[in-house]
Amino acid sequence: MADDILLSVRDLSVEFGSAQQPLRVLHDVSFDVARGRILGIVGESGSGKSMTAKSVMGMLPEGGRVTGGDISLAGRSLVGLPERELRRLRGHDLAMVFQDPQAALNPVKTVGWQIEEALTVHGMSARDARARALELLRQVGIPDPESRIDEYPHQFSGGMRQRVVIAIALANSAPLIIADEPTTALDVTIQAQVLRLLVELRARLGVTVIMITHDMGVVAELCDDVIVMYGGRVVERGAVADIFDAPQHPYTRALLRSMPQIGGDRLSRLPAIPGATPDLSHLPPGCAFHPRCALAEEVCRRTVPALSPIPERPQSEAACHVAQREGRLPPEPAERGEVDAAAGRSFGRAPILQLEDLRVDFGSRRRLLRREPPFYAVDGVSLEVFPGETVGLVGESGCGKTTVSRAVVGVNPLSGGRILVDGRDVTAFDDAAAAHVRKTVQYVFQDPYASLNPRLTIRQILSEALEQRGLPAAEREAECQRLMEMVGLDRGYLGRYPRAFSGGQRQRIGIARALAVEPRVLICDEPVSALDVSIQAQVINILADLRDRLGLALLFIAHDLAVVRHLSDRVAVMYLGRIVEEGPAEEIYARPRHPYTAALMSSTPRPRPDPGAMGRKTVLGGDPPDPRNPPSGCRFRTRCPIGPLVHPERRICIETDPALAGDGRHRAACHFSGEAARLAEETKT
Amino acid sequence: MSANDTHPHHPAGRRPRISAGTARYLGAFRTPRGMIGGGLLLVMLLAALLAPVIFPGGVDMQTRENFQPPSLIHPFGTDEYGRDIFVRCIYALRISLSLVLVAVPLAMALGILMGLSGAVSRRLGEVCQRIFDIILGFPSLVLGICIVVAIGAGWLALAITILVFSLPQFGRLARGALLTEQTREYVLAAQVLGVPKRKVMTRHILPNTLDPLLVQASLSMIAGIFAEAALSIVGLGIQPPTPSLGTLLNVGIRYVYAQPMYTAGPIIMLLLLALAFNLIADALNAAVLNAKRT
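Residue numbers (my numbering), protein chains in the order written: chain A, 162 to 846; chain B, 126 to 419.
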C-alpha cells in the first residue's frame with residue numbers, strides 16, 4: 162500500500178506576513194493521495210483548500226512560505242526545491258486545472274499553440290507536439306480537432322475552454338493533476354460534461370486527481386477520498402462513502418444537513434449552521450468550529466483537537482474531542498425540521514404579478530451607421546405570481562431569467578408584452594406606474610458585496626428606503642431597528658459600514674432594505690449563490706420565515722435546482738429566453754415533462770455517493786446556442802436527448818415551435834413531453 | 126444632538142456619506158508621505174497667508190546693497206534694487222497658491238458637473254466630452270495666449286487658463302466613474318426603491334467618483350502652478366513688478382551671473398510646491414487603493 166502513495170503531505174504549515182507577526186493560513190495539514198484515486202478537498206472560503214493546492218504546486222502567492230512539514234511527490238520532497246527544479250516538475254509531474262477557463266488561456270494565442278507550449282518547454286519537438294496536441298484535443302472530447310486546433314480561446318465556449326485547459330494539464334501525462342474548482346464557473350449541464358470527462362480520463366489514463374471544491378455534490382459524484390478543511394486545518398478525512406454515510410466531525414455533518422436536497426423530503430426549515438466562517442487572521446482558540454458547534458464543550462474552547470481515527474469508525478479520522486471521547490459523533494442535541502410545512506400554505510386568488518408575453522430586446526441599439534438586428538434575451542415569457550406564493554425561476558446563465566426580473570422593476574425596458582402589478586397595467590412605466598411598482602415589488606440582488614453602497618452606514622441605507630416609503634424622519638430610527646431584528650441582526654450594528662459585515666449578513670441587510678417599503682412581492686435574484694454553503698441555509702430560512710410571516714409573494718430566481726425546490730410552490734424553467742416548463746414544484750421534480758428539466762435535474766450533483774450514478778446521468782451534449790440566432794422549431798432541439806439528434810425522424814422538432822401545453826397547471830413546451838419523465842426515471846434508478 | 130442621546134438620529138438625506146470617505150482621505154495624511162507633503166504645504170500656505178505679518182516691509186522694501194549673496198538675514202540674497210529675494214518668493218507663493226486653490230477646485234466642480242451630465246441626457250454628456258476633446262487639442266500655452274488676448278493679462282486670465290485646461294481631466298474621470306457606478310447593484314437598488322435620480326446622483330454615484338478626482342486635483346495643482354510660471358515668464362501672466370514665481374524668473378534670468386539665487390530661489394519654491402502636492406497625491410492614491418482592498 163505504502164508505495165502506492167503518489168503524493169504525501171505531512172504536517173504542512175504555511176504562513177504569510179512578517180516573521181514577527183505571521184499569519185498562519187495552514188495548520189499541520191496532512192493527507193495522502195494514492196495512485197489512480199481522486200481526492201476531494203472540500204471547504205468554504207478561507208478554509209485553506211486553495212492554499213493547500215498552491216503549496217503543493219510551489220506557487221504560493223507573494224509573501225507566503227512553508228514553515229513546517231513536508232510535501233513529497235513519489236518519494237521526492239518538494240519543499241525547499243529551487244525554482245528551476247520546481248519549474249521542471251510543474252506540467253511534467255504535476256499539472257493544474259484552474260477555476261476560470263477564461264483567465265487560464267491566453268487570448269492572443271491559438272489553443273493549439275498553448276497545448277504545444279506545454280509540451281515543447283519540457284523538451285518535445287515542434288512536430289511531435291502538434292501531433293500530441295491533436296491527440297489530446299480528441300481525448301478531451303473536442304469535436305473536429307483538426308480545424309479547431311488553430312482557433313483562439315474566444316471561439317470556444319466555457320465548457321470547451323475548460324476541456325482545453327484539461328488537455329494542457331494532461332499534455333505531459335503528469336501523474337498528478339490538481340483541479341482547483343474546475344467546474345465552479347460553469348453551468349450545471351456543462352459541469353456534468355466536465356465531471357464525466359474527468360471520470361473517463363481517470364478510467365482511461367489512470368491519472369490521479371486532487372479535486373478542490375466547495376460543492377459536496379461534486380465530491381460525492383467524483384471522488385474516492387475526501388478531506389474536509391475548516392479554518393486552515395483538516396477536520397475530517399476518509400473515504401467518500403464513509404464520510405457521507407456517517408460524518409464524524411460536527412462541521413461535516415452540519416454542512417451536509419444544511420444543504421437543500423433535490424430529492425427526498427422537503428424540510429420546512431433547513432438546519433442552518435449559526436455564525437459565519439472564521440477569518441484566518443482571527444481564528445477562535447481551540448477548535449475553530451466551536452463557536453458554531455452545538456456539541457462544543459469546555460475542552461473545545463481551549464485545545465485544538467488532533468486528527469485521529471474515531472474508535473467506533475476506524476476508517477475515517479476526525480478532529481473532534483467529543484467524537485473521539487464518545488467513540489463516535491453523538492447525535493445533534495436538538496433535532497429539528499418538520500417535513501414540508503409548505504404544503505398547507507394558501508395563496509390569494511388574483512395574481513399580484515402578471516407577465517404577459519414579455520419580450521426584451523438587447524440588440525437593436527442604433528449604431529453609428531446601421532441598426533443591429535433585434536436580439537431577444539427574453540422572448541415571449543408569461544408568468545403569474547399569486548399573493549403569498551413562491552415561484553422559482555430556473556435556468557442556466559444567459560437564459561434570460563435575470564432580464565425578466567429586471568424588466569419587472571423597470572431597469573430593463575420592454576420591447577413587447579404587458580406587465581400587471583396587482584391588477585394594474587404598468588407596462589408604460591410612467592411616473593404613476595413606477596410609484597405603484599416600487600411600493601409593491603422589491604428586489605434582492607445577487608452579489609451582497611456590490612449591492613450595498615460602501616460609503617453609507619446601514620442606518621443610512623435603511624433610512625433611504627424608509628424615506629421612499631414616506632415614513633417621517635422621526636419614526637425611521639425605530640423602524641430601522643425593527644427591520645434589523647426581522648432579519649436577525651443586532652440593532653447595534655446600524656451605525657456600521659457594509660465592509661464590517663460578512664456576505665451572509667450583507668445579504669440580510671439587502672433583504673431588510675427591500676422589505677423597508679413593505680412590498681408585497683419580493684424578487685430574489687440568485688440571493689444565495691454568492692454565499693458559502695454554511696451561510697446559504699441561514700439566508701434561505703430567513704426568506705422563508707419572512708415570506709410566511711408577511712404573506713410575501715416571492716419570485717425566486719436561481720440556477721440551483723435544490724434551493725429552488727426547497728422554497729418554491731411553483732417552478733418555471735427557462736431556456737434561451739423562453740419558459741419551457743412550468744408547474745407545481747413537487748410535480749416538476751417528480752415527473753418533469755420537458756427533457757431540459759429532466760437533464761438539469763440529472764446534471765445537478767447530489768451529495769450522496771452512488772458509484773454508478775455518473776453512467777446513468779443524462780448529460781446534455783454541446784452548449785446553449787447563441788440567442789442572437791436561435792435554432793428553428795424547438796429551441797432545445799440542438800441538445801435534446803429525445804429530439805432529432807437521437808431520433809432523426811422527428812422532423813416536427815425542427816419545423817414546429819412547440820407551445821406550452823399540458824393538463825391543468827403543469828405545462829411543458831415539448832412535442833414529446835411524455836418521454837421526459839421516463840428520462841428522469843432512468844436516471845434515478 | 127445631546128450627549129446622552131443613545132440612539133443618534135441620522136436621516137439619510139441630511140448628511141450623505143462623508144464620514145467614512147473623509148476618514149479615509151484624512152487617513153492619507155497619517156502616512157509618512159502624506160505627513161511630509163501636507164506639512165510642507167501647510168508651512169508654505171501659512172507663510173504665504175501671513176507674509177504681510179512676517180514681512181511687514183512688503184515686497185518693495187529696499188536694502189542698501191543690491192546683489193548681496195545669501196546670508197542669514199537675506200537667505201536668497203537681494204536683487205538688482207536691493208530687495209530681499211526670499212521675501213519676494215514668499216509673496217509670489219500668494220499668487221501661485223491663490224490661483225490653483227481657486228481655479229482647480231472650480232475646475233473640479235465644473236468637470237464633475239459636465240462629466241456626470243451624461244446621466245441627465247446622453248446627448249449632453251456626449252457634447253461635454255467633445256468639448257473636452259477640443260480643449261485637449263490646444264497646447265496650454267496657446268490656450269493661455271488666447272485668453273490673455275481676450276481679457277488682458279493678469280490674475281484672472283491665469284485663473285481661467287488653469288481652470289479651462291484642467292477641466293478635461295476631471296470631466297473624463299467623472300464620466301468614467303459614472304459609467305462604472307451606474308451599473309452597480311446598489312445604484313440599481315436605489316432605483317428600484319424609487320429614490321429620485323438627483324438623490325441617486327448625490328448620494329450614491331458622486332461620493333463614489335471622488336477617489337480618482339481628488340488624486341487628480343492634487344496633480345492639477347502642480348500643473349497649474351507651473352502654468353502660471355510658464356505664462357508669466359513669457360510675459361503673458363502676472364506683470365512685473367508684482368512678484369510671482371514666473372515674473373521673478375523672468376527678471377532673474379537676466380541677472381543669472383550677478384545673482385544666481387534670483388533664478389534658483391523661485392525654482393526651489395516651484396520644486397517644493399510640486400513635491401508637496403505630489404506627495405499628497407501619492408498618499409491619497411495609496412489610501413484610496415487601501416480602502417478598496419479591504
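C-beta atoms are modelled at their ideal positions from N, C-alpha and C, and glycine is treated no differently.
Closer than 9 Å by beta-carbon distance: list the chain B residues that pair up with residue i, in chain order.
i: S612(A); result: R309, E310, Y311, L313, A314
i: Y757(A); result: In chain order: nothing, as chain B lies at least about 29 Å away.
i: R674(A); result: A314, L318
i: V682(A); result: In chain order: nothing, as chain B lies at least about 12 Å away.
With distance defined between alpha-carbon atoms, name the residue in the options nearest to residue i.
i: D522(A); options: G549(A), T563(A), N573(A); result: N573(A)
i: I166(A); options: V368(A), V694(A), Y757(A); result: V368(A)
i: V401(A); options: F590(A), E550(A), H482(A), Q476(A); result: Q476(A)
i: V312(B); options: L224(B), F295(B), P332(B); result: P332(B)
i: F536(A); options: D787(A), H283(A), K270(A); result: D787(A)
i: Y382(B); options: R155(B), P157(B), V178(B), E205(B); result: E205(B)
i: A626(A); options: R219(B), R158(B), Q316(B); result: Q316(B)
i: A74(B); options: A217(B), P385(B), P366(B); result: Because chain B is modelled from 126 through 419, residue 74(B) falls outside the range shown and cannot be assessed.
i: S291(B); options: I260(B), V273(B), P337(B); result: I260(B)
i: D160(A); options: G571(A), D586(A), T551(A), L516(A); result: With chain A running from 162 to 846 in the structure shown, residue 160(A) is simply not present.
i: L728(A); options: M735(A), A691(A), T438(A), I718(A); result: I718(A)
i: R430(A); options: L821(A), P785(A), L704(A); result: L704(A)
i: Q307(B); options: H329(B), L318(B), Q294(B); result: H329(B)
i: L268(B); options: I392(B), G162(B), I285(B); result: I285(B)
i: T281(A); options: L298(A), A265(A), N267(A), H253(A); result: H253(A)
i: R394(A); options: A673(A), A328(A), S208(A); result: S208(A)
i: T758(A); options: A829(A), L221(A), G447(A); result: A829(A)
i: L400(B); options: K322(B), L197(B), S343(B), A299(B); result: S343(B)
i: P753(A); options: C454(A), E816(A), G823(A); result: G823(A)
i: R616(A); options: L167(B), T305(B), T334(B), A408(B); result: T334(B)
i: E638(A); options: R620(A), R630(A), A538(A); result: R620(A)
i: A340(A); options: P472(A), T563(A), G835(A), I327(A); result: I327(A)
Taking residue i as the query, report the chain A residues whose CB atoms sit under 8 Å from its CB, ordered along the chain.
i: L304(B); result: Those do not exist, as L304(B) stays about 15 Å from chain A at its closest Cβ, beyond 8 Å.
Would you say the beta carbon of residue i comes nearer than 6 Å to a heavy atom of the ligand FAD?
i: D403(A); result: The ligand FAD is not part of this structure, which contains no ligands at all.
Just the chain A side, please: which residues come within less than 9 Å of residue i by C-beta, in chain order?
i: N333(B); result: N614, P615, R616
When you compare the CB of residue i with every CB in chain B, is at least one pair closer than 7 Å?
i: D518(A); result: no
i: F177(A); result: no
i: Y313(A); result: no
i: V483(A); result: no
i: V572(A); result: yes
i: Y604(A); result: yes
Determine, using beta carbons only, whether residue i comes closer than 7 Å to chain A.
i: D130(B); result: Note on D130(B): pLDDT 35, under 50, position unreliable in the model; the coordinate value appears next. Output row for D130(B): interface = no.
i: V252(B); result: no
i: V317(B); result: yes
Given that residue i touches chain A, what residues does it touch there, using C-beta distances under 7 Å?
i: V320(B); result: E625, Q629
i: H329(B); result: N614
Residue i versus chain B: which residues are under 7 Å apart at the beta carbon?
i: D608(A); result: E310
i: Q668(A); result: Residues of chain B passing the Cβ test: none, with the nearest at roughly 12 Å.
Unbroken beta strand (DSSP E) runs of length 3 or more, entirely within the stretch 530 to 581 of chain A: which are they? 537 to 546, 551 to 555
Along the stretch 580 to 599 of chain A, what residues have a CB closer than 8 Å to any CB found in chain B? A595, A596, R599
For a minimum of 4 consecutive residues, which ranges assigned as the alpha helix (DSSP H) are wholly contained in the stretch 259 to 344 of chain B? 265 to 276, 280 to 307, 310 to 318
Just to confirm the assignment: which complete alpha helix (DSSP H) runs, minimum length 4, are found wholly within the stretch 144 to 185 of chain B? 144 to 152, 157 to 179
Select from the stretch 676 to 710 of chain A all residues with a C-beta closer than 7 Å to any C-beta belonging to chain B, and list them in chain order. V678
Contained beta strand (DSSP E) runs [length at least 3] in the stretch 239 to 292 of chain A, N- to C-terminal order: 255 to 258
Report the start-end ranges of each alpha helix (DSSP H) in the stretch 311 to 377 of chain A that is 4 residues or longer and not cut off at the edges. 319 to 331, 349 to 366
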